[in-house]
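Single-structure report; data block below.
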Amino acid sequence: KIMTSLKKHAMTLNEISKMTKITSGGTLKKYLEILQLANFVGTYFPMNKGNKSKNVKYFIADSFCHFYLSYVVKNRAIIEQKNLKNLFQKIVLPSWKGYQGLAFERLVFQEASLIAKVCGIDDEVKLVGKIYPDAKIKTQFDLVFEKFDNSLSIFEIKSSEYVDETVINEFEKKIQSVL
Numbered sequence: 761k762i763m764t765s766l767k768k769h770a771m772t773l774n775e776i777s778k779m780t781k782i783t784s785g786g787t788l789k790k791y792l793e794i795l796q797l798a799n800f801v802g803t804y805f806p807m808n809k810g811n812k813s814k815n816v817k818y819f820i821a822d823s824f825c826h827f828y829l830s831y832v833v834k835n836r837a838i839i840e841q842k843n844l845k846n847l848f849q850k851i852v853l854p855s856w857k858g859y860q861g862l863a864f865e866r867l868v869f870q871e872a873s874l875i876a877k878v879c880g881i882d883d884e885v886k887l888v889g890k891i892y893p894d895a896k897i898k899t900q901f902d903l904v905f906e907k908f909d910n911s912l913s914i915f916e917i918k919s920s921e922y923v924d925e926t927v928i929n930e931f932e933k934k935i936q937s938v939l
């Protein structure tokens, strides 16, 4: 139930509780801790919500589990027939670009410490998270490093062979919209 609830997007403890009907107290927290220890689930803080534990968002960290829940579970009967050709093209391909983009975003977020190191800010990072749209901020930022000097390093994550000035211009507009 927990993993299935997380297949579309990250959720808070209370959101998972509502979706799974598992009380958000000890039982659900314990299950989530076990899933985190097994590296099936990861967490991050939405940076614009404060770093209180009630704001923590949980997400599926394991790529195979995410693929399995997204495609195999709902198509199991078709897959088990084994007599249909081109199943990948018929089942996965129509939504692959969107899935691939989110999978890449998850991968990059999971490797945030490496990105900070490559950017030369690994010793300065206090907190890693994302910024989600809310009443004040109308846009999403995929990877945010809050540094000890209280400044932010903000990254846009794109899965593409080629990124042109359009992406850069859109990112600059997103930054301007929150200043």
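Residue numbers for the sequence shown follow our numbering, beginning at 761 and rising by one. A virtual CB, placed ideally from N, CA and C, is assigned to each residue, including glycine. Small disclaimer: the values here were computed from a predicted structure and weren't measured.
Coarse secondary structure for K842, derived from DSSP in three states: Along the sequence shown, read from residue 1 onward, the residue named residue 842 stands at position 82. Per DSSP, reduced to three states, the secondary structure at K842 is coil, with no helix or strand assignment.
Nearest to Q936 (by Cα), restricted to the options L797, Y791 and I914: For this step, residue 936 is matched to residue 176 along the sequence shown. Closest by C-alpha distance to Q936, out of L797, Y791 and I914, is I914.
Short Cβ contact (9 Å threshold) for T780 with K761: One-based indexing of the sequence shown puts residue 780 at position 20. One-based indexing of the sequence shown puts residue 761 at position 1. Here T780 is near K761, since their CB atoms are less than 9 Å apart.
Of the residues Y831, F819 and N774, the one placed nearest E865, counting alpha carbons only: Counting from one through the sequence shown, the residue named residue 865 turns up at place 105. It is F819 whose Cα lies nearest to the Cα of E865.
Validate contact between the region 818 to 838 and the region 795 to 807 using beta carbons, cut 8 Å, 3 pairs: The region 818 to 838 is in contact with the region 795 to 807.
Whole runs of the alpha helix (DSSP H) within the region 822 to 868, excluding any shorter than 4 residues: Runs found: 823 to 827 and 836 to 841.
Chain-order list of residues whose beta-carbon lies under 6 Å from that of F901 (same chain, five-residue window excluded): To locate residue 901, count along the sequence shown from 1; it is residue 141. Excluding sequence neighbours, F901 sits near I891 and I914.
DSSP state of G889 mapped onto helix, strand, coil: What you label residue 889 is simply residue 129 of the sequence shown in a count that begins at 1. In the structure shown, G889 adopts extended strand secondary structure according to DSSP, grouped into three states.
Integer Cβ distance of K907 from V885, believed to fall under 8 Å: Mapped onto the sequence shown, residue 907 falls at position 147. Mapped onto the sequence shown, residue 885 falls at position 125. Yes, K907 and V885 are in contact; Cβ-Cβ is about 6 Å, under 8 Å.
I775 - DSSP class collapsed to helix/strand/coil: Working through the sequence shown from its first residue, we reach residue 775 at position 15. A small correction: the amino acid at residue 775 is Glu; Ile does not occupy that position in the sequence shown. In the structure shown, the three-state DSSP call for E775 is helix.
Straight-line Cα distance separating V852 from K898: Here residue 898 is taken as the residue at index 138 of the sequence shown, counted from 1. Here residue 852 is taken as the residue at index 92 of the sequence shown, counted from 1. Those two C-alpha atoms are separated by around 31 Å.
Nearest to G858 (by Cα), restricted to the options N843, S919 and L795: Here residue 858 is taken as the residue at index 98 of the sequence shown, counted from 1. Considering only alpha carbons, the answer is S919.
Endpoints, the alpha helix (DSSP H) within which F905 is located: Along the sequence shown, read from residue 1 onward, the residue named residue 905 stands at position 145. Under the DSSP assignment, F905 falls outside any alpha helix (DSSP H), being part of the beta strand (DSSP E) whose first and last residues are F901 to K907.
V938 versus L912: straight-line alpha-carbon distance, rounded: Within the sequence shown, the letter at position 178 stands for residue 938. Within the sequence shown, the letter at position 152 stands for residue 912. Each residue's Cα considered, the two are about 12 Å apart.
Coarse secondary structure for Y922, derived from DSSP in three states: Along the sequence shown, one-based indexing puts residue 922 at 162. Of the three classes helix, strand and coil, the one that applies to Y922 here is coil, per DSSP.
Span of the alpha helix (DSSP H), counted from its first residue to its last, around G785: If you number the sequence shown from 1, residue 785 lands on position 25. No alpha helix (DSSP H) contains G785, which DSSP labels as neither H nor E.
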